[in-house]
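All remarks here apply to the structure that follows.
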Amino acid sequence: MRTDTELIEAARKAAEKAYAPYSEFRVGASVLTAEGAMFSSANVENAAYPVSQCAEANAINFAVSQGMTTIPVVAVACVDAKDVSGAYPCGRCRQIMSEFGVARVLVTTSEGEVREHSLDDLLPFQFKL
Ligand code: THU
26 MRTDTELIEA ARKAAEKAYA PYSEFRVGAS VLTAEGAMFS SANVENAAYP VSQCAEANAI
86 NFAVSQGMTT IPVVAVACVD AKDVSGAYPC GRCRQIMSEF GVARVLVTTS EGEVREHSLD
146 DLLPFQFKL
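Residue numbers (our numbering): 26 to 154.
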């Protein structure tokens, strides 16, 4: 089983491959599936800004497209100096996490601090069908 440290390290590595020429905010995310598999991805921006995709969404969609449907842990890291208060997932990504059973979210700051949150704390009263 992957450790939290491995997940965070993989998220940092993934962030280095981000395509973020507009924001210069390179984010990486790694997810751990119920099977113990790890998937990582990064944010990919677009000249039409709203078309940009977040690292968390890309990593979760990557895992799901490989047949994974339960994703208990997500780690997020940013490798750019703009990350002063931690690479917190946006609201849309929190909703995507909710769909696939994310329970724990590990957020890192540029100083290397790791903060663990439950998705219940990050997204109370989750919308589910
Ligand atoms: N971004 C992510 O990839 N994940 C987050 O948790 C928040 C924001 C990306 C989107 C965009 O490419 C850049 O960071 C600045 O918003």
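Where a beta carbon is used, it is the ideal one built from N, C-alpha and C, also for glycine.
Residue i bridges to which residues according to DSSP?
| i | result |
| --- | --- |
| A54 | S66 and V101 |
| S143 | R129 |
| Q78 | V69 |
Which residue's Cα is closest to the Cα of residue i: the options?
| i | options | result |
| --- | --- | --- |
| A35 | Y47, A45, A54 and M26 | A54 |
| L154 | L147, V109 and Q120 | Q120 |
| G116 | E70, F150, G61 and S66 | F150 |
| V89 | M122, D145 and V76 | M122 |
| T134 | V56, A73, K107 and Q78 | K107 |
Do residue i and residue j have their C-beta atoms closer together than 8 Å?
| i | j | result |
| --- | --- | --- |
| T30 | T58 | no |
| R37 | A84 | no |
| Q91 | F125 | no |
| P97 | V130 | no |
| A62 | R51 | no |
Check whether the Cβ of residue i lies closer than 8 Å to any Cβ atom in chain C.
| i | result |
| --- | --- |
| F125 | Judged by its chain identifiers, the structure shown contains no chain C, having just a single protein chain. |
Taking the straight line between their C-alpha atoms, what separation do you get for residue i and residue j?
| i | j | result |
| --- | --- | --- |
| N86 | G137 | 26 Å |
| I33 | A100 | 6 Å |
| Y47 | N71 | 8 Å |
| A67 | R27 | 19 Å |
| A45 | E60 | 31 Å |
Kindly indicate the opening and closing residues of the alpha helix (DSSP H) around residue i.
| i | result |
| --- | --- |
| Q120 | G116 to E124 |
| A59 | No alpha helix (DSSP H) holds A59; DSSP gives it neither H nor E. |
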